[in-house]
Amino acid sequence: MTPIPFQHSYAALPERFFASQKPAQVPNPELIRVNKELAQDLGLDDETLSSLGAHFFSGNELPAETMPIAQAYAGHQFGGFSPQLGDGRAILLGELNGRDIQLKGSGRTPFSRGGDGKSALGPVIREYLLSEAMYALGVPTTRALAAVSTGETVLRQEGEVPGGVFTRVAASHLRVGTFQFFAARQDKEALQILSDYAIRRHFPEAQSPLELLKAVITKQAALVAHWMSLGFIHGVMNTDNCSVSGETIDYGPCAFMDTFHPQTVFSSIDRGGRYSWENQAMMAHWNLTRFAETLLPLMATEPEEAVAMAEQALAEFKPQFKKHYLSRFRCKLGLHADAPEEFLDQTLGVMANEKLDFTLFFRELTRHAAGEATNFFDRVPTWLADWKQLAAPTETLAKMRQENPILIPRNHQVEAAIQAAYQGDFSVFHRLTEAWQHPYEEQHGTEDLERPPLPDEVVTATFCGT
Ligand code: AMP
Ligand code: MG
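If you count by this note's numbering, then the sequence shown holds residues 51 to 516, one letter each, in order.
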């Protein structure tokens, strides 16, 4: 068999960046789904891919070309700093075409602390569905290469549940928390190596740590505006879940909103609403401030000078975010170019007061703009009259269609796929994966997926993957 062209740029970094760790053996791995299109992009041809079955994607049998490691990182979780987190249940196998291939749920590592290093099947199904749907929606994200069941059970809040392993593909797994790991140890040499590595891998045009900071700020400002324009709530924007490459990473207690309310949260532990829909830009800025702090020693010898440079760079976040946010919502609403900014706030206020479904609102508005019949806006006649004054439907219709999805991964549908999977039935999961590959297209036979949850179907909180 031809060798798989794994590269190991991260494993080539100094030893204190990671720990070598083989995945645990699992009793009875079965492949649930493999992403053939993504495998091709990674340079895996059909023959190679078909040889990489459940034994590979479970971590049971790894070819000699892999170099399994757990990466070190730290992070602020809900505002509190942990100097040592790291891959407690994930193992990086290496890179294909420059992208990380990581097994998630593959057993204990030196970073597992009290955890079992495993994953329940539910979070595997969730991450597969959500990350691939996000990709199809056009949002930068880590991807799903494979999902397997392991044939063993794991103990979680809900009791003993089937276990699984998820294969994640990422531009890299460098996080703000990776930089924090070395900053907490005052390891300036490691920070320099990490900064150079991040620049080489993601921002080759950046000439300095300051330019790296600016590039990450730009990516995160665009990312969070994109999330918000789709009603997406990440749920756990800790600094260890804030990717330097600008991809959405870690689909734990995340969800797309059904009924719009700006203070919606999904994490069962987020009681203060820290990571609510409307707080996401502020929290990204908070995370980027932590990132900037780690780079200060590399930016200038005089601390005051470094702080001034960082502050100037961070001040760019808000205007950049706002530009993306306004331009996305302008497109979603089909407004003409000089429609006042206040109309967006007015719209969101009406949506919240009337408890309107976020996705359906924009979907129905797109249909209305196209001259199709809809009674969706009968409840908000004054708002509709205002909209008509400010909208330019003929010029903007194509854009509205591009920005307003017909299908999003609704939380109750994700839950249905998880519950069926726990019963050994993967048909719901497969159906949703396929339907959500074309979120902006009118499809036949997916009308039921447009429907918001009935009152008894609403999922109010999702749990972390742990
Ligand atoms: P997350 O909430 O997924 O961002 O994970 C936060 C930290 O907890 C990371 O260091 C994970 O590796 C670790 N962790 C989460 N679940 C487990 C588990 N089942 N076993 C060991 N470590 C875990
Ligand atoms: Mg994480």
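Each residue gets a CB set at the ideal place from its N, CA and C atoms; glycine is no exception.
State the CB to CB distance for the pair residue i and residue j, rounded to an integer number of angstroms; the pair is presumed to be in contact (CB under 8 Å).
| i | j | result |
| --- | --- | --- |
| PRO459 | PHE306 | 6 Å |
| ARG225 | THR314 | Contact flag wrong, Cβ pair sits at about 25 Å. |
| GLY213 | LYS168 | 5 Å |
| ARG176 | ILE468 | 6 Å |
| PHE68 | ALA122 | 6 Å |
| ALA442 | HIS374 | In fact, because the Cβ distance is near 20 Å, the residues do not count as touching under 8 Å. |
| GLY495 | THR446 | Actually they are not in contact, since the Cβ atoms of GLY495 and THR446 sit about 29 Å apart, beyond 8 Å. |
| SER222 | ARG251 | 6 Å |
| ASP150 | ARG158 | With 8 Å as the limit, ASP150 and ARG158 do not qualify as a contact, their Cβ atoms being about 20 Å apart. |
| ARG62 | PRO79 | First, the amino acid is wrong: residue 62 is Ala here, not Arg. With a Cβ gap of about 30 Å, ALA62 and PRO79 do not count as contacting. |
Is the separation between the beta-carbon of residue i and that of residue j shorter than 9 Å?
| i | j | result |
| --- | --- | --- |
| ALA108 | SER156 | A quick correction: the sequence has Ser, not Ala, at residue 108. Yes. Within cutoff. |
| LEU244 | PHE229 | yes |
| THR217 | VAL76 | no |
| ILE299 | PHE367 | no |
| LEU482 | LEU179 | yes |
| VAL189 | LEU273 | yes |
| PRO118 | LEU143 | yes |
| PHE341 | ALA275 | no |
| GLU208 | ARG193 | no |
| TRP327 | GLY399 | no |
| VAL215 | LEU195 | no |
| PHE393 | LEU440 | yes |
| ALA240 | PRO353 | no |
| ARG413 | ILE456 | yes |
| GLU115 | PHE56 | yes |
| SER317 | THR512 | yes |
| TYR472 | VAL211 | yes |
| HIS126 | ASN337 | yes |
| PRO113 | PRO73 | no |
According to DSSP, simplified to helix, strand and coil, what is residue i?
| i | result |
| --- | --- |
| ASP407 | strand |
| PHE68 | strand |
| PRO53 | coil |
| LEU135 | coil |
| ILE458 | coil |
| HIS40 | No answer is possible for residue 40: it lies beyond the span of the chain, which begins at 51 and ends at 516. |
| PRO505 | helix |
| VAL158 | What sits at residue 158 in the sequence shown is Arg, not Val. Three-state DSSP puts ARG158 in coil, outside helix and strand. |
| ARG225 | strand |
| THR516 | Note that THR516 scores a pLDDT of 48, beneath 50, so its modelled location is shaky; the value from the coordinates is reported in the next line. Coil, per DSSP. |
| GLN439 | helix |
| PRO212 | strand |
| GLN463 | helix |
| ARG193 | strand |
| ARG235 | coil |
| ASP498 | helix |
| THR309 | strand |
| ARG324 | coil |
| GLN370 | helix |
| PHE128 | coil |
Just mark residue i as buried or exposed, buried being the case when its beta carbon has 16 or more other beta carbons within 10 Å.
| i | result |
| --- | --- |
| PRO369 | exposed |
| PHE131 | exposed |
| ASP428 | exposed |
| GLY421 | exposed |
| ARG380 | buried |
| SER377 | exposed |
| ARG451 | buried |
| THR510 | exposed |
| GLY285 | buried |
| ARG518 | Only positions 51 to 516 of the chain appear in the structure, and residue 518 is not among them; the question remains open. |
| TYR60 | buried |
| LYS86 | exposed |
| THR409 | buried |
| GLY93 | exposed |
For residue i and residue j, I'd like the C-alpha separation in whole angstroms.
| i | j | result |
| --- | --- | --- |
| ALA356 | THR344 | 11 Å |
| ALA363 | PRO133 | 25 Å |
| ARG139 | MET401 | 40 Å |
| LYS438 | ALA387 | 14 Å |
| ARG324 | CYS292 | 15 Å |
| GLY474 | VAL464 | 15 Å |
| PHE476 | ALA470 | 6 Å |
| LYS238 | LEU348 | 8 Å |
| ALA448 | ARG417 | 11 Å |
| GLU111 | GLN152 | 14 Å |
| ALA331 | ILE283 | 11 Å |
| LEU360 | LEU346 | In the sequence as displayed, the identity of residue 360 is Ala instead of Leu. Going from the Cα of ALA360 to the Cα of LEU346 covers about 7 Å. |
| TYR247 | ALA233 | 16 Å |
| PRO254 | TRP277 | 26 Å |
| ASN485 | GLY302 | According to the sequence as given, residue 485 is Ala; it is not Asn. Taking the straight line joining both Cα atoms gives about 22 Å. |
| ALA423 | THR309 | 22 Å |
| ALA389 | ALA419 | 16 Å |
Within the 9 Å Cβ cut-off, does residue i reach chain B?
| i | result |
| --- | --- |
| THR309 | This model lacks chain B altogether, as it is built from one protein chain only. |
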